[in-house]
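J.: A single structure is presented below for examination.
In the working numbering, the protein residues as written are 2 to 596.
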């Protein structure tokens, strides 16, 4: 006889399987049943038969002596079934019965969501806005009458979207379309959003772990990919051109590609009904090794510090960006257009990396910089779909070696289960069909987002003078040290202290420098002043902070004044990239092209 056997137990929560040895006592079996069902403070009885006429009692008899037959394996279903009965409802059920309008298929009530989840301010604003669009009356009937031509319509109305050639719904419009309407959101029960899971539910007690066993309760459903009809962010806006100029300066000086994280905030977008705009106010560049054709991203020891700094400033990690530039061999002033409809817009490898960042920092988008159709610097923004993020989180995808715009679906192994993956497409007769995704077009994994510079530029965390050197750029000679701080500070009058410290890279340096150690709490008042743009509060902090005065004295000792022959004339703007250069520069400091 096998060393371990299976006893089936039927309760009102479903069927359970318990692994025991024939030599175990009945008392041991009953204890395992009690631990499995976990009906504490409830009298539980275990019966041998469905009619519940033969109750089991604790005894020292072995299970084999007691006469219970076993299932020998998961596939062998014959054997005794034990039946459980208790007369007091479990506590978890009692709580649900005391709640109003609980729907067991939709377990997340509006009350619970508001209590447990701190929503972004933009979501709170959009939740209060109506999803109905009022239309002007253009009919011949009286003002008190309505017809189909002048009735209000919803923001997700198909005809309305078709007229305006809208490819994607905004996220809040998608919510309203799927039941989160003005009236429903005020009740205690709301519909649940689809959460795609591509992983086996761990610790299933009905069988051995994968690959020895799997059941419908723990097995993930097959995934059928469709083009996502909505996006969480409807537009990406760069607060000012200096943010991008400073970021691009690395490539102009070294021709090495570069990546960075976008920090900023979300705000309502009036151009799109219930839309959201992501406004970029700073770019942080983590440690990386750059090449002309790629990037190696290194581990960042300051990642948590940067994240905490952004949070104190009221910023969120919006996404990430990277460059993919290749100079035109026929004209060095132009770039090669490598990304277009005939090649690819986003490679599978880039899409998988973007999904990993979205899973690590939820609620994100990303975009890339490359040579556009006019062979100049061009922006393109993307966001990985919910299905794409779930597949990457479950490690189901790999980039294809044969084609950049294709992803491979992994095969299940003894240690990793991969669900069946399909995607919807049209055949030559325009019929919608479902295909097995061995190789998957990467376009099913992301949505596109418009991106551009703000019409009215603002400088929340960017200096309008010569900027403070960006972190992790020692490879091109841009070091961050006390001497550089002195040169940076010399540009500002004493009354411009707030402008001086309102530079994201300068604040990062304060928190990461080794000369004078600043903790986050040491800068709390200063960061509050920067976020509120309160010059009096910033001045007060500078006067009272012991560490800042120590840091300022250190700057004074290290700083060497500007040489007498240094030009103090007006800066000149580069004709190629518009960067403002010192009068003494013969070549542009940004793009290295002649004056």
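Glycine included, C-beta positions come from ideal geometry on N, C-alpha and C.
Please report the straight-line C-alpha distance between residue 296 and residue 524, rounded to a whole angstrom.
T.: Along the chain shown, read from residue 1 onward, the residue named residue 296 stands at position 295. Along the chain shown, read from residue 1 onward, the residue named residue 524 stands at position 523. Taking the straight line from one Cα to the other gives about 33 Å.
J.: Suppose you measure from the CA of residue 449 to the CA of residue 383; what does that come to, to the nearest Å?
T.: Walking along the chain shown from the start, residue 449 turns up at place 448. Walking along the chain shown from the start, residue 383 turns up at place 382. Going from the Cα of residue 449 to the Cα of residue 383 covers about 4 Å.
J.: Thinking C-alpha only, which one of 29, 522, 467 is nearest residue 310?
T.: Residue 310 sits at position 309 when you count from the first residue of the chain shown. Of the candidates 29, 522, 467, the one whose C-alpha sits nearest the C-alpha of residue 310 is 522.
J.: Alpha carbon to alpha carbon, what distance is there between residue 20 and residue 519?
T.: By one-based count along the chain shown, residue 519 stands at place 518. By one-based count along the chain shown, residue 20 stands at place 19. Distance between the alpha carbons of residue 519 and residue 20 is about 57 Å.
J.: Tell me the DSSP secondary structure of residue 232 in three-state form.
T.: The residue given as residue 232 occupies position 231 in the chain shown. Three-state DSSP puts residue 232 in a strand.
J.: Give me the residue from 443, 532, 150 with the minimum Cα distance to residue 346.
T.: Position 345 of the chain shown, counted from the start, is the residue given in the question as residue 346. The shortest Cα separation from residue 346 among 443, 532, 150 belongs to 443.
J.: In the DSSP output, which residue or residues are listed as bridge partners for residue 1?
T.: Because the chain here runs from 2 to 596, residue 1 falls outside it and cannot be looked at.
J.: Just list the residues that DSSP pairs residue 17 with in beta bridges.
T.: For the purposes of this step, residue 17 is taken as the residue at position 16 of the chain shown. Residue 17 pairs with 10.
J.: Quick check on residue 30: buried or exposed, where buried means 16 or more other Cβ atoms within 10 Å of its Cβ?
T.: Along the chain shown, read from residue 1 onward, the residue named residue 30 stands at position 29. Buried, because 16 or more other Cβ atoms sit within 10 Å of the Cβ of residue 30.
J.: Going by C-alpha to C-alpha distance, which of 258, 363, 160 sits closest to residue 121?
T.: The count along the chain shown starts at 1 and reaches residue 121 at position 120. Of 258, 363, 160, the residue nearest in Cα terms is 363.
J.: Put residue 131 into one of helix, strand or coil per three-state DSSP.
T.: Stepping through the chain shown from its first residue, residue 131 is reached at position 130. Looking at residue 131 - three-state DSSP - the assignment turns out to be coil, as it is neither helix nor strand.
J.: Whose C-alpha, out of 419, 349, 429, is nearest the C-alpha of residue 402?
T.: On the chain shown, position 401 is the one that residue 402 refers to. Among 419, 349, 429, the Cα nearest to that of residue 402 belongs to 349.
J.: Closest to residue 166 by C-alpha separation, out of 157, 459, 172, would be which residue?
T.: Here residue 166 is taken as the residue at index 165 of the chain shown, counted from 1. The option with the nearest alpha carbon to residue 166 is 157.
J.: Output yes or no for whether 7 Å exceeds the beta carbon distance between residue 239 and residue 273.
T.: By 1-based counting over the chain shown, the position of residue 239 is 238. By 1-based counting over the chain shown, the position of residue 273 is 272. Cβ atoms of residue 239 and residue 273: not closer than 7 Å.
J.: Please name the residue, chosen from 83, 200, 176, 164, that lies closest to residue 390 on a Cα-to-Cα basis.
T.: Stepping through the chain shown from its first residue, residue 390 is reached at position 389. That would be 200, whose Cα lies nearest to the Cα of residue 390.
J.: Count the other CB atoms within 10 Å of the CB of residue 265; is the residue buried (16 or more) or exposed (fewer)?
T.: Counting from 1 along the chain shown, the entry for residue 265 is found at position 264. By the neighbour-count rule (16 or more Cβ atoms within 10 Å), residue 265 is buried.
J.: CA-CA distance, residue 598 and residue 447?
T.: No answer is possible for residue 598: the residues shown for the chain start at 2 and end at 596.
J.: On the three-state DSSP scale, how would you describe residue 215?
T.: Locating residue 215 in the chain shown gives position 214, counting from the first residue. The answer is coil: DSSP assigns residue 215 none of H, G, I, E or B.
J.: Just checking, does the segment 434-441 make contact with the segment 400-416 on the three C-beta pairs under 8 Å criterion?
T.: yes
J.: Do you know offhand how far residue 252's Cα is from residue 484's?
T.: For the purposes of this step, residue 252 is taken as residue 251 along the chain shown, with counting starting at 1. For the purposes of this step, residue 484 is taken as residue 483 along the chain shown, with counting starting at 1. Their Cα atoms are separated by approximately 25 Å.
J.: From what residue to what residue does the beta strand (DSSP E) around residue 173 run?
T.: Here residue 173 refers to the residue found at position 172 of the chain shown. DSSP places residue 173 outside any beta strand (DSSP E); the residue lies instead in the alpha helix (DSSP H), whose first and last residues are 172-178.
J.: Buried or exposed for residue 6, going by 16 or more other Cβ atoms inside 10 Å?
T.: Taking the first residue of the chain shown as position 1, residue 6 is located at position 5. Under this definition residue 6 is a buried residue.
J.: Counting only runs that start and end within the segment 490-515, where is the alpha helix (DSSP H) found for 4 or more residues in a row?
T.: 498-502, 505-513
J.: Do residue 179 and residue 425 count as a contact pair if the criterion is CB distance below 7 Å?
T.: The sequence position of residue 425 within the chain shown is 424, counting from 1. The sequence position of residue 179 within the chain shown is 178, counting from 1. Going by C-beta atoms, residue 425 is not nearer than 7 Å to residue 179.
J.: What is the DSSP secondary structure of residue 249, counted as helix, strand or coil?
T.: Position 248 of the chain shown holds residue 249. Of the three classes helix, strand and coil, the one that applies to residue 249 here is helix, per DSSP.
J.: Excluding the 5 residues preceding and the 5 following residue 53 in the sequence, name in chain order all residues of the same chain whose CB lies nearer than 7 Å to its CB.
T.: Your numbering for residue 53 matches position 52 in the chain shown. Here the set comprises 84, 86.
J.: Only counting the same chain, and skipping five residues up and downstream in sequence, which positions put a Cβ closer than 6 Å to that of residue 223?
T.: To locate residue 223, count along the chain shown from 1; it is residue 222. Excluding residues within five positions, the ones whose Cβ falls inside 6 Å are 420, 421.
J.: With 7 Å set as the bound, which would you pick, yes or no: does the beta-carbon of residue 547 sit closer than that to a beta-carbon of chain D?
T.: Among the chains of the structure shown, chain D does not appear; only one protein chain is present.
J.: Does the beta-carbon of residue 279 have 16 or more other beta-carbons within 10 angstroms, so that it is buried, or is it exposed?
T.: As a working note, residue 279 is residue 278 in the chain shown. By the 10 Å Cβ count, residue 279 comes out buried.
J.: Beta strand (DSSP E) containing residue 440: first to last residue?
T.: Taking the first residue of the chain shown as position 1, residue 440 is located at position 439. Where residue 440 is concerned, the enclosing beta strand (DSSP E) stretches over 440-442.
J.: Under the DSSP definition of a beta bridge, which residues are partnered with residue 436?
T.: The residue labelled residue 436 in the question sits at position 435 within the chain shown. Partner(s): 424.
J.: Sort 312, 269, 588 by Cα distance to residue 529 and report the nearest one.
T.: To locate residue 529, count along the chain shown from 1; it is residue 528. Answer by Cα proximity: 312.
J.: Could you spell out where the beta strand (DSSP E) holding residue 297 opens and where it closes?
T.: Locating residue 297 in the chain shown gives position 296, counting from the first residue. Per DSSP, residue 297 is one residue of the beta strand (DSSP E) stretching across 295-298.
J.: Please report the straight-line C-alpha distance between residue 256 and residue 538, rounded to a whole angstrom.
T.: Mapped onto the chain shown, residue 256 falls at position 255. Mapped onto the chain shown, residue 538 falls at position 537. About 42 Å.
J.: So, helix, strand or coil for residue 482, using DSSP?
T.: Locating residue 482 in the chain shown gives position 481, counting from the first residue. Residue 482 falls in the coil class under three-state DSSP.
J.: Is the CB-CB distance between residue 198 and residue 212 below 7 Å?
T.: On the chain shown, residue 198 is found 197 positions in, with the first residue counted as 1. On the chain shown, residue 212 is found 211 positions in, with the first residue counted as 1. In this structure, residue 198 keeps its C-beta atom at 7 Å or more from the C-beta atom of residue 212.
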